[in-house]
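For reference, the structure discussed in these notes is given below.
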Amino acid sequence: MVLVHGLWSDGSSWAKVIMELRALGHDPVAAQLNLESFDDDVASVRRTLATVQGPVLLAGWSYGGAVIGEAARGVEAVEALAYVAAFAPAEGESVSRLSRKYPGSLISHHVVVAGDYTYINREGFGQLLAADAPVDVVAVAAATQKMVRIGLDGVKVGPPAWLDLPSHYLLATEDACVPPLLQREMAARMGAVVTEIASSHAPVLSRPREVAEFLDRACTAMVLGKGAR
Numbered sequence: 004m005v006l007v008h009g010l011w012s013d014g015s016s017w018a019k020v021i022m023e024l025r026a027l028g029h030d031p032v033a034a035q036l037n038l039e040s041f042d043d044d045v046a047s048v049r050r051t052l053a054t055v056q057g058p059v060l061l062a063g064w065s066y067g068g069a070v071i072g073e074a075a076r077g078v079e080a081v082e083a084l085a086y087v088a089a090f091a092p093a094e095g096e097s098v099s100r101l102s103r104k105y106p107g108s109l110i111s112h113h114v115v116v117a118g119d120y121t122y123i124n125r126e127g128f129g130q131l132l133a134a135d136a137p138v139d140v141v142a143v144a145a146a147t148q149k150m151v152r153i154g155l156d157g158v159k160v161g162p163p164a165w166l167d168l169p170s171h172y173l174l175a176t177e178d179a180c181v182p183p184l185l186q187r188e189m190a191a192r193m194g195a196v197v198t199e200i201a202s203s204h205a206p207v208l209s210r211p212r213e214v215a216e217f218l219d220r221a222c223t224a225m226v227l228g229k230g231a232r
């Protein structure tokens, strides 16, 4: 498995999930995005993919879903995709466009502009991303968040890999960033196998065992040749 994080975070956001996956017998790797440009983030994931042997389940959380849809194209080792409360734009769509499609996102209430970058108000970080996570976990995530270059989420993507690969979607029903209605719509058009979880936007922080079990099932389906397609 290769795991891809979202905005205002880094690969360590998967730390608890990685430990749970290792307990299940997996040896996952987390990519590190620089969050400066979409193309650079895609390139970073492809560099990480080149370091692991296939078959690969490529998983993305939040903005990472848009990245994996691009990064998996033309990479034979990737045989399935997994989305964790993630954006899954179709060709010509962007994360920012999708985020405004339905009401319910609280990002605009907590995002702070600092020059050419943004970050999430540290006091509101938990309310926005991980209201159900332990206080200390939220505090660390808020304190270590990466700043995001403005415009990064406005890039329109090409034909996504989910058009051709089996996909699995973990739908967070209490999400304050990606409205559950949007998640359900994106998963449906992908033909993804959907699992619902009563979680905030960051089950990677609040519900790592359930996320690991979801990824484990997706990996098993991939190995057995069963999936959404």
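Letter by letter, the sequence shown follows residues 4 to 232 of this note's numbering. Yeah, the Cβ is synthetic: ideal placement off N, Cα and C, and Gly gets one too.
{"Asked": "Contact belief for Leu208 with Ala144 at Cβ below 8 Å, rounded distance in angstroms", "Found": "6 Å"}
{"Asked": "Opposing strand residues paired with Tyr105 [DSSP bridges]", "Found": "Per DSSP, none; premise fails for Tyr105."}
{"Asked": "Where the beta strand (DSSP E) containing Val87 begins and where it ends", "Found": "Val81 to Val87"}
{"Asked": "Between the CA atoms of Asp167 and Arg210 - distance to the nearest angstrom", "Found": "29 Å"}
{"Asked": "CA-to-CA distance, Thr198 to Phe217, given in whole angstroms", "Found": "8 Å"}
{"Asked": "Residues near Ser108 by beta carbon distance below 8 Å, same chain, minus five either side", "Found": "Ser102, Ala179, Cys180, Val181 and Pro182"}
{"Asked": "Residues bridged to Trp64 (per DSSP)", "Found": "Val87"}
{"Asked": "Range of the contiguous alpha helix (DSSP H) that encloses Thr51", "Found": "Phe41 to Leu52"}
{"Asked": "Which residues DSSP lists as bridging Arg152, in chain order", "Found": "Tyr120"}
{"Asked": "Range covered by the alpha helix (DSSP H) that runs through Leu132", "Found": "Phe128 to Leu132"}
{"Asked": "Selected residue, minimal CA-CA separation from Val114, among Thr147, Ile153 and Arg212", "Found": "Ile153"}
{"Asked": "Coarse secondary structure for Ser99, derived from DSSP in three states", "Found": "helix"}
{"Asked": "Within 8 Å, strictly: CB atoms of Ser97 and Gly161", "Found": "no"}
{"Asked": "For Leu36, the nearest candidate out of Ala221, Tyr105, Gln148 and Pro169 (CA to CA)", "Found": "Gln148"}
{"Asked": "Proximity to Asp43 [Cα-Cα], best of Glu73, Leu24, Gly57 and Val116", "Found": "Glu73"}
{"Asked": "Whole-angstrom C-beta distance between Tyr120 and Met150, which should lie under 8 Å", "Found": "4 Å"}
{"Asked": "Spatially closest choice to Val78 from Arg49, Glu177, Ser203 and Ile200, by CA coordinates", "Found": "Arg49"}
{"Asked": "CA-to-CA distance, Arg100 to Leu52, given in whole angstroms", "Found": "28 Å"}
{"Asked": "Residue closest to Leu184, alpha-carbon to alpha-carbon, out of Ala88, Ala83, Ser16 and Val141", "Found": "Ala88"}
{"Asked": "Extent of the continuous beta strand (DSSP E) run through Glu177", "Found": "Segment: none, Glu177 is in no beta strand (DSSP E) and carries neither H nor E."}
{"Asked": "Bridge partners - Val32, DSSP secondary structure assignment", "Found": "Val5"}
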